[in-house]
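Below: one structure, written as structure tokens.
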Amino acid sequence: MKARLPKWRVLAILTALALVLSGCGEPFLSTLRPAGEVAQAQYDLMILSTLIMVGVILIVVVIYVIALIRFRRKKGDDSVPKQVEGSHVLELIWTVIPIILLLILAVPTVAMTFDLADTSDAELVDEEGNKKNLVINVRANLYWWEFEYPDLGIVTAQDLVVPTDQNVYFNVTASDVKHSFWIPAAGGKIDTNVDNVNSFYLEFDNEKANEAGNVFYGKCAELCGPSHALMDFKVRAIDSEQFTSWVTAMQNAEEPVAETELALQGQQVYNEQCLGCHAVSPDNSTPAAARIAPNLSDFGNRTKVAGILDHNEEELKNWIKNPEQYKPGNKMTGAYKELNEQELDALAEYLMSLKVQE
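Residue 66 in full-length UniProt numbering sits at position 66 of the sequence shown; the count goes up by one each step and never skips.
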């Protein structure tokens, strides 16, 4: 029988592995790099709680070491140290100090919880009856995200576009199973349920957004199926002027027209095989229940295929040929007949040509 590693070696290996893995991750996909007011407040609270816990640990360790050294049994010395059992002073100290520490942590935590839960400003309207603040309806699906701007008449999928330096209010729900909406750099997660709507708000700092190339990433934070880890989406955080231009372009988007012969063939393939599930128009006239697959408007301007693959025709064709290989358990598998290479080439060119803004 092979000799087993001593426990201390196993512990050392696991500790080293944890330290190495803690450095892994995508840029601006970390709660330790806050990129907005909400994220910063949560980060500050996390630092406060960490300092309190580390402080308590250090004090306990120091007392333990002092006791270990000062009161250790010495050779030839059988004397018993002075006993302090029942000391009212010590009992008062170790009762009062934890209460003080708890209050230091509890008061800002409770205050922040109520503050972040207040979404009443989402209903504010101006003199003309228009919403003062941006509201976005988020709908989670296996395994993709839909973003509806109800007051702007726009629907997108996988790519969330938000203005910087202002509160953005989210109403989140799910169409199938429980998911969780999370943009680590912008703030904490919130569950998306089938039977109710949860609301919260986030804010994206313009300076931090510029440092990140105006792109953040979001994920599903609730185990929802075999492709849970692949349920990602992109967030474009742009200034208010750029956001207004984007809204105008999406609201005035025209029916896509194929410009090449191959793209025209691809449009025919799309109409025959994809139209029943996917839309290529960004308007929200179709009821949510009928939107059973991601909206493909502006698909040509995305940076990822299916949220995980590089955005090019080759990866797009790989995804269409075998979506189950990349996202097991997805609802696209088996929803259309197998396409030949000519049809794949044509469909890929047509989808890549879908651009609302150049």
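Positions of the beta carbon are idealized from the N, C-alpha and C atoms, including for glycine.
For clarity, every value in this text was computed on a predicted model and none was experimentally measured.
If you drop the 5 nearest sequence neighbours on each side, which residues of the same chain put their C-beta closer than 6 angstroms to that of Val177? Cys224
For Trp144, which residues does DSSP report across the bridge? Asn141
Cβ atoms of Ala209 and Arg33: under 9 angstroms apart, would you say? no
On a CA-only basis, which of Asn284, Trp144, Asn214 is nearest Glu232? Give me that one, please. Correcting the residue identity first, residue 232 is Asp in this sequence and not Glu. It is Trp144.
Whole-number beta carbon distance between Ala35 and Met112, since they are thought to touch under 8 angstroms: In fact, because the Cβ distance is near 18 angstroms, the residues do not count as touching under 8 angstroms.
Residues in its own chain within less than 6 angstroms of Asn171 by CB, not counting five upstream and five downstream? Asn137, Val197, Ser199
In the DSSP output, which residue or residues are listed as bridge partners for Asn167? Glu203
Who pairs with Gly218 in a beta bridge, going by DSSP? Phe233
Provide the residue(s) that pair with His179 in DSSP beta bridges, ordered along the chain. Thr192
Of the residues Gly213, Arg236, Glu207, Val110, the one placed nearest Gly159, counting alpha carbons only: The amino acid occupying residue 159 in the given sequence is Asp; Gly does not appear at that position. Selected option, being the one with the closest Cα: Arg236.
From the DSSP output, in three-state form, read off Ile292 for me. coil
Of the residues Trp182, Phe299, Tyr270, Arg291, the one placed nearest His228, counting alpha carbons only: Trp182
Using the Cα positions of Ala288 and Val305, report the straight-line distance between them to the nearest angstrom. 22 angstroms
Helix, strand or coil for Met1, going by three-state DSSP, please let me know. Its pLDDT being 43, under 50, Met1 is placed unreliably in this model, and the coordinates cannot settle the point.
Can you tell me whether Met1 is buried or exposed? The criterion is at least 16 other CB atoms within 10 Å of its CB, across all chains shown. Unreliable positioning characterises Met1 in this predicted model, as indicated by a pLDDT of 43, which lies under 50. A coordinate reading is not provided.
Which one of Asp298, Glu338, Asn312, Glu341 has the shortest CA to CA distance from Ile154? Asp298
Please specify which runs of the beta strand (DSSP E), each continuous and at least 3 residues long, are wholly inside the region 255 to 292, giving them in chain order. none
Option nearest Leu134 by Cα separation, candidates Tyr169, His311, Asn301, Lys7: Tyr169
Local conformation of Ala209 per DSSP, three classes: helix
Where do the ends of the alpha helix (DSSP H) carrying Ala157 lie? First-last for Ala157: 154 to 157, but that is the beta strand (DSSP E), not the alpha helix (DSSP H).
What is the DSSP secondary structure of Asp44, counted as helix, strand or coil? helix
Helix, strand or coil, according to DSSP, for Ala39 in the structure here? helix
Take every Cβ of the region 290 to 297, pair it with every Cβ of the region 336 to 349, and state whether three or more of those distances are shorter than 8 angstroms. no
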